[in-house]
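The block underneath contains the structure these notes are about, expressed in structure tokens.
If you want it as structure tokens, here you go:
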């Protein structure tokens with residue numbers, strides 16, 4: 001009682017409220033006065049009406065410790081409100097035919113590290129109401145709340161996570177009479193059908209299914225150990241081969257910069273903090289002749305995070321640096337993601353971009369919105385479908401393809417060094433984004449290009465080493481007009497499509 005502000009108890013098969021429950025802080029619901037005998041679903045009765053608070057779901061046959069509420073609240077906060085946390089967890093084999101036989105269980109009475117699972121025991125669960133991992137309408141049958149909670153959480157993108165704790169932190173109480181689980185052990189036919197038809201399809205795209213790839217792509221062995229992960233299975237629980245319900249995309253992160261020593265660690269860390277999703281990733285970097293120790297920073301980072309690249313001794317500019325990296329990518333369907341070494345990705349950037357490419361099979365490019373280090377939102381706007389189809393962007397005074405920029409690798413095959421050099425044959429040191437993106441855009445129709453309204457990129461603006469400061473606005477304007485108007489740089493098939 002002292003741990004919580006209020007206790008809600010749904011009473012199945014009771015005619016009256018027992019005297020010992022008639023106390024302050026306890027709110028009771030008699031089944032015959034509400035929704036009848038709804039079995040374990042009663043733990044979530046009236047869930048949609050709860051305000052801003054932490055929810056703890058409890059069973060009447062478990063003894064909870066005195067620090068239970070506080071520890072579960074701390075776990076929810078520790079994982080940034082991205083996970084439904086619990087103490088009892090189940091992971092299913094893939095494929096699974098039996099609800100009871102084809103699974104492994106982390107029992108609430110045993111010790112465990114933090115571990116992602118497929119399904120939590122609903123009597124040991126905590127979450128915050130702002131997450132809304134499940135609503136009343138998500139529960140389709142009584143007696144199967146664990147399954148419906150797991151399904152709804154996965155569909156909404158929440159991980160199910162068993163929290164670390166010592167052995168015996170929760171203790172079972174003696175069972176009295178009939179239990180739901182004992183009945184299922186005798187005959188799990190109905191539950192197995194729901195597992196196959198309802199839960200397993202939702203789990204195919206759940207966080208646990210992506211986290212193993214994410215960790216393996218990002219961290220070296222040392223990086224895993226320093227984050228408390230001796231083995232990926234420590235995080236993901238029992239793993240097996242499976243066929244994802246969506247295609248798995250390949251992201252090639254193209255990270256370039258010059259003299260970014262004070263920014264590069266935040267840049268790489270922002271990639272490591274990306275929300276896992278249906279994608280694999282590889283981080284490629286080119287340090288463009290930095291003189292401030294950026295190369296040493298990258299070398300130190302590479303001991304823990306898998307970054308692949310090189311530091312050159314001569315500064316040739318961002319156009320050259322990107323060209324070197326992009327041409328190393330052999331997969332024509334890989335998605336190149338352009339990141340400046342002094343900027344950062346916002347946490348859901350890759351997850352959101354993956355969703356866009358999956359849901360829009362004709363998409364070949366994306367560009368979007370950013371916020372700067374002061375929180376100011378980009379207000380440049382975007383090209384309309386018609387402006388892309390008619391190549392009107394080659395007559396506009398503003399370049400609107402701002403961060404975050406991504407594209408299918410095969411588009412780059414049409415880009416030549418001429419696109420990336422000035423009229424004198426020198427690699428572009430400013431307006432390199434224009435030189436790169438215009439020939440890619442030339443190959444697309446409006447339906448192939450998606451502008452993302454949601455900011456996915458943090459742009460560190462007004463640096464002393466930035467091109468605006470170093471080269472001036474007039475020089476940049478002149479270069480923009482050259483890259484926009486020089487006909488030999490066009491990559492669309494017919495000049496007749498270009499309108500004034």
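Residue numbers (full-length UniProt numbering): 1 to 500.
Ideal Cβ positions, reconstructed from N, Cα and C, are used throughout, including at glycine.
Sub-8 Å separation of residue i and residue j beta-carbons
i	j	result
residue 450	residue 337	no
residue 89	residue 206	no
residue 59	residue 136	no
residue 402	residue 318	no
residue 261	residue 283	no
residue 351	residue 275	yes
residue 369	residue 278	no
residue 118	residue 92	yes
residue 57	residue 72	no
residue 325	residue 444	no
residue 457	residue 301	no
residue 287	residue 312	yes
residue 172	residue 101	no
residue 203	residue 139	no
residue 129	residue 52	yes
residue 427	residue 297	no
residue 406	residue 353	yes
residue 22	residue 111	no
residue 503	residue 268	Because residue 503 is not part of the residues shown, which for the chain are 1 to 500, the question remains open.
Residue i to residue j span [Cα, whole Å]
i	j	result
residue 113	residue 12	35 Å
residue 273	residue 186	44 Å
residue 65	residue 94	35 Å
residue 152	residue 121	14 Å
residue 180	residue 145	11 Å
residue 17	residue 30	7 Å
residue 488	residue 213	43 Å
residue 429	residue 408	24 Å
residue 226	residue 215	13 Å
residue 501	residue 9	Only positions 1 to 500 of the chain appear in this structure, which leaves residue 501 out of reach.
residue 220	residue 299	13 Å
residue 141	residue 61	22 Å
residue 87	residue 131	19 Å
residue 32	residue 38	10 Å
residue 461	residue 373	7 Å
residue 376	residue 355	26 Å
residue 271	residue 218	9 Å
residue 441	residue 211	33 Å
residue 169	residue 41	25 Å
residue 477	residue 359	37 Å
residue 483	residue 259	26 Å
residue 480	residue 320	17 Å
residue 362	residue 486	29 Å
residue 149	residue 133	8 Å
residue 15	residue 103	38 Å
residue 390	residue 295	44 Å
residue 423	residue 251	33 Å
residue 239	residue 188	Caution is warranted here: a pLDDT of 38 is assigned to residue 239, below 50, making its placement in the model unreliable, and the coordinate value is therefore given only provisionally. When rounded, the distance between both Cα atoms is 23 Å.
residue 397	residue 431	14 Å
residue 349	residue 393	26 Å
residue 328	residue 314	20 Å
residue 175	residue 46	27 Å
Distance cut-off 7 Å: residue i Cβ against heavy atoms of the ligand ZN
i	result
residue 334	Absent from the structure shown: the ligand ZN. Ligands present: none.
Unbroken beta strand (DSSP E) run spanning residue i, endpoints
i	result
residue 318	Not the beta strand (DSSP E): residue 318 falls in the alpha helix (DSSP H), residues 318-326.
residue 283	279-287
residue 257	249-257
residue 11	7-11
residue 405	405-408
residue 372	365-372
residue 223	Note, residue 223: premise wrong, no beta strand (DSSP E); alpha helix (DSSP H) at 221-226.
residue 352	Not the beta strand (DSSP E): residue 352 falls in the alpha helix (DSSP H), residues 349-359.
residue 449	449-459
residue 30	26-30
Residue range of the alpha helix (DSSP H) that includes residue i
i	result
residue 148	145-155
residue 310	Looking at the DSSP string, residue 310 is not in any alpha helix (DSSP H); the run it does join, the beta strand (DSSP E), is 307-311.
residue 439	432-442
residue 532	Because the chain in this structure spans residues 1 to 500, residue 532 falls outside the shown range and cannot be described.
Whole-number beta carbon distance between residue j and residue i, since they are thought to touch under 8 Å
i	j	result
residue 446	residue 386	7 Å
residue 248	residue 280	6 Å
residue 96	residue 163	Going by Cβ atoms, the distance from residue 96 to residue 163 rounds to 24 Å, so no, they are not a contact pair.
residue 399	residue 434	5 Å
residue 54	residue 126	6 Å
residue 147	residue 195	7 Å
residue 223	residue 344	Wrong, their Cβ atoms sit about 19 Å apart, outside the cutoff.
Restricting to runs no shorter than 3 residues, where is the beta strand (DSSP E) found entirely within the region 97-137?
Those beta strand (DSSP E) runs which fall completely within the region 97-137 and span 3+ residues are 103-106, 115-117, 124-128.
In the region 32-85, which residue ranges form an unbroken alpha helix (DSSP H) of at least 4 residues, counting only runs that do not cross its ends?
For the region 32-85, whole alpha helix (DSSP H) runs of length 4 or above, ordered along the chain, are 68-78.
In the region 158-191, which residue ranges form an unbroken beta strand (DSSP E) of at least 3 residues, counting only runs that do not cross its ends?
159-162
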